[in-house]
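First to last, the protein sequences are chains D and H. Residues 2 to 116 in the numbering used here are what the first sequence spells out, letter by letter. Residues 207 to 321 in the numbering used here are what the second sequence spells out, letter by letter. Note that beta-carbon positions come from the ideal geometry of N, C-alpha and C, so glycine has one too.
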Amino acid sequence: EAEVAQSPRYKITEKSQAVAFWCDPISGHATLYWYRQILGQGPELLVQFQDESVVDDSQLPKDRFSAERLKGVDSTLKIQPAELGDSAMYLCASSRGLAGVSEQFFGPGTRLTVL
Amino acid sequence: ILNVEQSPQSLHVQEGDSTNFTCSFPSSNFYALHWYRWETAKSPEALFVMTLNGDEKKKGRISATLNTKEGYSYLYIKGSQPEDSATYLCAFPSISSGSARQLTFGSGTQLTVLP
């Protein structure tokens, strides 16, 4: 069964350092999402790609976060510099169509701890 | 800010008990309602995507109903088993920027089934 791959699964870093997360969606899924989930809350969308284009990054803190999906397949989310408040689970998901009625398939997430 | 509310926040039931929980969402401009299950150390998994008022969907012992006029959905689990222990999330697609929709998640209901 096809799955969304993410790496690393866990990352511990010090504040002001740079971190990067990688996601490989299910083959053929045009839409890719990055979410941040803080303990006790639901996932919050950071950025949504349709192929290689960003369709929604309204909640991405652009002063320190960046995301790319250069060839419309895998994607990288970067934080530079990391702050204490960035400690969270970062989830990647993909779907065949745009968000709405298309179910999303999630990866296992990257647990980030900023010290 | 879109409000998607889930209750209760957490729930402990005995094995064999049936249980249900609620997701409330804005009743105007309804598009769809998603339910996801998130087991510890695993990826969130789609359960249902519901689009029609009065819709009822079923997957094994889990079923969901939808009332778009009053803005709520119920998730039912019949004869709970320890493997049903998970956080159950509902999500409501809303327009964010341009014409792109994004899923707004509730905070989830954390279910623990005691053997």
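- Contacts with chain H at 9 Å (Cβ-Cβ) do not include Ser-67(D).
- Apart from the 5 residues on each side of it in sequence, Asp-87(D) sits with its Cβ closer than 7 Å to the Cβ of Ile-80, Leu-113, Val-115 in its chain, given in chain order.
- Residues of chain H with a Cβ closer than 7 Å to the Cβ of Gln-49(D) are, in chain order, Ala-306, Gln-308.
- Burial state of Ile-39(D) is exposed, judged by a 10 Å Cβ sphere holding fewer than 16 other Cβ atoms.
- Around the beta-carbon of Ala-3(D), fewer than 16 other beta-carbon atoms lie within 10 Å, marking it exposed.
- Here Glu-211(H) carries a strand assignment [DSSP, helix/strand/coil].
- Of the other Cβ atoms in all chains shown, fewer than 16 fall within 10 Å of the Cβ of Gly-29(D); this residue is therefore exposed.
- Straight through space, the alpha carbons of His-218(H) and Ser-269(H) are spaced by roughly 19 Å.
- At a Cβ-Cβ threshold of 9 Å, Pro-250(H) and Phe-107(D) count as neighbours.
- Ser-313(H) is positioned such that its CB atom lies no closer than 9 Å to that of Gly-110(D).
- Classified as exposed, Pro-321(H) has fewer than 16 neighbouring CB atoms from the shown chains inside 10 Å of its CB.
- Per the C-alpha coordinates, the member of Pro-214(H), Thr-228(H), Glu-221(H), Glu-289(H) positioned closest to Thr-271(H) is Thr-228(H).
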